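Note that our numbering has the sequence shown beginning at 297, numbered continuously upward.
We treat Cβ as the ideally placed atom computed from N, Cα and C, and that holds for glycine.
As the structure is a prediction and not an experimental result, all values here were calculated from the model.
Read the structure below first, then the notes.
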Amino acid sequence: MLLETCLETKEDSETPGQLLALQEVRSLVCSYLHQVFIVDPSLAKLIHFQGYPSELLPVTVRGIPSAHICLDSLPELMQQPSVTKQIFAIQLLSQLSLQYALPKSLNICVTALNLLYALLGAISPRQRVRLFKEILPALTQISEAFPPLAEDIVQFLIQLSRVALSQASLASYFHDHLTWDSEINESETREISELAQVVFNDIITRTVLKTNIYN
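Take a look at the structure:
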């Protein structure tokens, strides 16, 4: 895929001049995709529904001026049954929110938060670990783009942490007293709770404390 040429390799970071060459490649690719999206906006939807490496999202969102049209199809992408697509959608939303802090972006962020609440109790423990391990950092970016959402996101993190700790305790009980393992991985579930705490602290630092500085 064309976008994969924009990925940074080990060679890029070790060879003098390679990073500059990579920046040039990224500029050319983003310029080309910008023109393509303008001519046929449906291609923007197609490319993002197919997905691509999430580490390129900052490159594409900042480098393709027409990337904002992805906001139109984001709610549909978030509603896909695939956890992989849900992860990509939330990560894309966080980058678009930072770049385009618009009322439309804010409304989609509210929709995304409601979806995450619904998924909290609707997906399997393994899916929950996979989903939230990937998207929690994106919540920090969303709260930075829209500080009024910080309180709602913090409340969600508290709820997620409670669920994760409860599931971890349940897994420990199954293992210790019933001599069989559940599908819940205790260490991974506790990791989600710990990551939620890290994101919580990050949000406080980036939004609440920053707000106090300017007041």
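**Prompt:** In or out: Ser420 buried (at least 16 other Cβ within 10 Å) or exposed?
**Reply:** Walking along the sequence shown from the start, residue 420 turns up at place 124. Flag for Ser420 reads exposed.
**Message:** Taking only three categories from DSSP, how would you classify Tyr348?
**Reply:** Numbered from its first residue, the sequence shown carries residue 348 at position 52. In the structure shown, Tyr348 sits in coil (DSSP, three-state: anything other than H, G, I, E or B).
**Identity of the residue in Leu409, Cys302, Cys366 and Gln314 nearest Asn339 by Cα** = The residue given as residue 339 occupies position 43 in the sequence shown. The amino acid at residue 339 is misidentified as Asn; the sequence shows Leu. The shortest Cα separation from Leu339 among Leu409, Cys302, Cys366 and Gln314 belongs to Cys366.
**Asked** How is Asp448 classed by DSSP in three states: helix, strand or coil?
**Response** Translated into the one-based positions of the sequence shown, residue 448 becomes position 152. Of the three classes helix, strand and coil, the one that applies to Asp448 here is helix, per DSSP.
**Asked** Between Ile499, Leu316, Glu310 and Pro312, which lies nearest to Ser439 when the distance is taken from Cα to Cα?
**Response** As a working mapping, residue 439 is identified with position 143 in the sequence shown. Ranking the options by Cα distance to Ser439, first place goes to Ile499.
**Asked** In or out: Leu370 buried (at least 16 other Cβ within 10 Å) or exposed?
**Response** Residue 370 sits at position 74 when you count from the first residue of the sequence shown. Buried is the call here.
**Asked** For Ile509, which three-state DSSP category applies?
**Response** Translated into the one-based positions of the sequence shown, residue 509 becomes position 213. Reliability fails at Ile509, whose pLDDT of 42 lies under 50, so the model's placement of it is uncertain and the value that follows must be treated cautiously. Reduced to three states, the DSSP call for Ile509 is helix.
**Request:** Can you give me the start and stop residues for the alpha helix (DSSP H) that Phe428 sits inside?
**Result:** Against the sequence shown, residue 428 aligns to sequence position 132. Looking at the DSSP string, the run of the alpha helix (DSSP H) that includes Phe428 is Pro421 to Ala441.
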